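Encoded as structure tokens, the structure appears first; notes follow it.
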Amino acid sequence: MFQSPIFVGVVDFRVWIDVLTSKQATLFGLLSRELREGGHEVLVTCRDYEYTVGALRRFGVEPVVIGRYVIGSPYDKVLGDADRMFGLAVYVEGFRPDVLVAYPNPPAARLAFGVGIKYVAITDSPHAQVPSRLSLPLADIVIASDCIPEEDIRKYMFEGSRLVRYGGVDEVSWLLRSEPDLSYVEGLGLEPYKYLILRPHEHHATYYKGVELSFDLRKLMYQVLSNDLKIVFLPRYPEHKELIDELPQTLRNKVIVVEGSYDGVSLAFYARAVVSGGSTLAREAALLNTVGITYYPGLIHVNECVRARGYPLFKVSTTEEALTLISEAKPKGKDVGDVLGRIKRDFEDLIGVVVKVLKGGV
Numbered sequence: 007m008f009q010s011p012i013f014v015g016v017v018d019f020r021v022w023i024d025v026l027t028s029k030q031a032t033l034f035g036l037l038s039r040e041l042r043e044g045g046h047e048v049l050v051t052c053r054d055y056e057y058t059v060g061a062l063r064r065f066g067v068e069p070v071v072i073g074r075y076v077i078g079s080p081y082d083k084v085l086g087d088a089d090r091m092f093g094l095a096v097y098v099e100g101f102r103p104d105v106l107v108a109y110p111n112p113p114a115a116r117l118a119f120g121v122g123i124k125y126v127a128i129t130d131s132p133h134a135q136v137p138s139r140l141s142l143p144l145a146d147i148v149i150a151s152d153c154i155p156e157e158d159i160r161k162y163m164f165e166g167s168r169l170v171r172y173g174g175v176d177e178v179s180w181l182l183r184s185e186p187d188l189s190y191v192e193g194l195g196l197e198p199y200k201y202l203i204l205r206p207h208e209h210h211a212t213y214y215k216g217v218e219l220s221f222d223l224r225k226l227m228y229q230v231l232s233n234d235l236k237i238v239f240l241p242r243y244p245e246h247k248e249l250i251d252e253l254p255q256t257l258r259n260k261v262i263v264v265e266g267s268y269d270g271v272s273l274a275f276y277a278r279a280v281v282s283g284g285s286t287l288a289r290e291a292a293l294l295n296t297v298g299i300t301y302y303p304g305l306i307h308v309n310e311c312v313r314a315r316g317y318p319l320f321k322v323s324t325t326e327e328a329l330t331l332i333s334e335a336k337p338k339g340k341d342v343g344d345v346l347g348r349i350k351r352d353f354e355d356l357i358g359v360v361v362k363v364l365k366g367g368v
């Protein structure tokens, strides 16, 4: 059914989507919905990790949860991947998919390769070397933004595989399919433009290994809360909640910790600014014309691409730089239609590209 390198002339095919993070859940929740509406059978599996399950359920997708995010030594992580691959193999065998769609994902990629399931990989993070090296060589097709230098992707790929480049960034797909909801924001006790979103960095992730930071989250929180802003706090790991516990009670009352799931589009659209140790949420905010600040120290090509097109995305290395940007971010009314119209003009839709690839149109 799957004619190398893409489906050609096949109406019905079975798609397995495996999800590792909340960002992937947002994109793939929408992708799975569109594929099902097109008459295709879709299996969505995921691991138990922070907002991942909740994000899928927000889009009406009930995932099969297999495995969890492992915090520990490299041996612990390898054993966790091995356990997850075993669980996936047992479940996926009953579904018999024609194709796997996933970001760099060692357990799913190895399983798909071993049993002859074609693998369409999506990546915007070639800086994440470990999952890229373990996954992308096994992909039949790799889809990546043309913001990323071609060689940064091809160096991981098997020479017989195909690279599909598209003119956008991943976040555009869910922004074009969403609309900010003021009632959601107000339901959390927030007023538009009177709060900051804070998302700590993934210090347990392999791409953060050996990275030295001079960014002080405690100082940032204390300074922001001592002024007239609240903080919406989106923890990645259980220990991040300790940052809240360390605050004086008067400041702690101004922090809203969101768990389970959240409407990132609504929160980012009405925020004064977003500060993240990663990139996705900061990029999403900037695309919505909200000041997006990332303190990840490495080079992220898709960030540079968004910034070069005039969106308010900033990279900082110190707390002071972030505080200055926050203080300069003035409350402003925005027209949703204008914001989304600009995004649509500037960028290509990734979900549309994935569907075309699967159907043989790209």
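Those letters in the sequence shown? Residues 7 to 368, by my numbering.
For each residue, glycine too, the CB sits at the ideal point set by N, CA and C.
Computed from a predicted structure; not experimentally measured.
DSSP state of residue i mapped onto helix, strand, coil
{"i": "F239", "result": "strand"}
{"i": "G358", "result": "helix"}
{"i": "L2", "result": "Since the displayed the chain opens at 7 and closes at 368, residue 2 lies outside it and no answer follows."}
{"i": "P11", "result": "For P11, the predicted model reports a pLDDT of 40, less than 50, meaning its position is unreliable and no value from the coordinates is stated."}
{"i": "D352", "result": "helix"}
{"i": "S38", "result": "helix"}
{"i": "E43", "result": "helix"}
{"i": "S285", "result": "coil"}
{"i": "T330", "result": "helix"}
{"i": "R315", "result": "coil"}
{"i": "T27", "result": "coil"}
{"i": "L364", "result": "helix"}
{"i": "A61", "result": "helix"}
{"i": "G339", "result": "coil"}
{"i": "L346", "result": "helix"}
{"i": "L294", "result": "coil"}
Residue of the options minimising C-alpha distance to residue i
{"i": "R64", "options": "K321, P303, G270", "result": "G270"}
{"i": "E185", "options": "T27, H133, S272", "result": "S272"}
{"i": "G347", "options": "V312, L182, K236", "result": "L182"}
{"i": "A115", "options": "F221, I23, P80", "result": "I23"}
{"i": "R351", "options": "R315, Y190, V50, K336", "result": "R315"}
{"i": "Y243", "options": "T324, R74, V178, V312", "result": "R74"}
{"i": "T27", "options": "P110, V105, Y97", "result": "P110"}
{"i": "P132", "options": "M163, L106, L204, G358", "result": "M163"}
{"i": "R102", "options": "D152, R20, L117, V59", "result": "R20"}
{"i": "I77", "options": "Y97, V71, E56, M91", "result": "E56"}
{"i": "L195", "options": "A277, M227, Y125", "result": "The question names Leu, but residue 195 is Gly in the sequence shown. Out of A277, M227, Y125, A277 has the C-alpha closest to the C-alpha of G195."}
{"i": "N233", "options": "E208, Y201, I250", "result": "Y201"}
{"i": "L117", "options": "A291, L37, G44, D87", "result": "D87"}
{"i": "L144", "options": "D152, R168, D130", "result": "R168"}
{"i": "E326", "options": "G122, P137, Y125, Q229", "result": "Q229"}
{"i": "P137", "options": "D104, E197, G366, K83", "result": "K83"}
{"i": "V148", "options": "V121, V107, G174", "result": "V107"}
{"i": "G174", "options": "D355, V360, G366, V105", "result": "D355"}
{"i": "V363", "options": "V126, V25, T32", "result": "V126"}
{"i": "I349", "options": "G298, C153, S179", "result": "S179"}
{"i": "I123", "options": "A31, S333, G266, V105", "result": "V105"}
{"i": "K236", "options": "L219, V263, D251, S220", "result": "V263"}
{"i": "D344", "options": "P241, F275, V361", "result": "F275"}
{"i": "D341", "options": "D187, G93, F92, V98", "result": "D187"}
{"i": "H207", "options": "P198, L240, V191, D251", "result": "L240"}
{"i": "C153", "options": "A279, G266, D176", "result": "D176"}
Cβ-heavy atom distance, residue i to the ligand MG, below 7 Å
{"i": "V170", "result": "The ligand MG is not among the ligands present in this structure, which contains no ligands whatsoever."}
For residue i: DSSP bridge partner residues
{"i": "K321", "result": "T300"}
{"i": "E68", "result": "Paired residues: none, contrary to the question."}
{"i": "R74", "result": "D54"}
{"i": "D18", "result": "According to DSSP, D18 bridges with nothing at all."}
{"i": "L49", "result": "W22"}
{"i": "S232", "result": "Paired residues: none, contrary to the question."}
{"i": "S220", "result": "T324"}
Enumerated in chain order, which unbroken segments of the beta strand (DSSP E) with a length of 3 residues or greater are wholly contained in the segment 156-211?
-> Counting only runs of 3 or more residues that sit fully inside the segment 156-211, the beta strand (DSSP E) segments are 168-172, 201-205, in chain order.
Which parts of the segment 79-164 are runs of the beta strand (DSSP E), unbroken and 3 residues or longer, counting only runs that do not cross its ends?
-> 105-108, 124-129, 147-151
Take every Cβ of the segment 283-298, pair it with every Cβ of the segment 253-263, and state whether three or more of those distances are shorter than 8 Å.
-> Judged by Cβ distances under 8 Å, the segment 283-298 makes no contact with the segment 253-263, as fewer than three pairs qualify.
How do the segment 146-163 and the segment 46-58 stand: do at least 3 beta-carbon pairs fall below 8 Å, yes or no?
-> no
For the segment 240-283, list the alpha helix (DSSP H) runs that are entirely contained and at least 4 residues long, ordered along the chain.
-> 248-251, 255-258, 270-276
Touch test, the segment 299-314 against the segment 53-72, Cβ-Cβ under 8 Å, three pairs minimum = The answer is no - the segment 53-72 does not touch the segment 299-314, with fewer than three Cβ pairs under 8 Å.
Would you be able to state if there are at least three C-beta pairs under 8 Å between the segment 219-234 and the segment 32-40?
-> no
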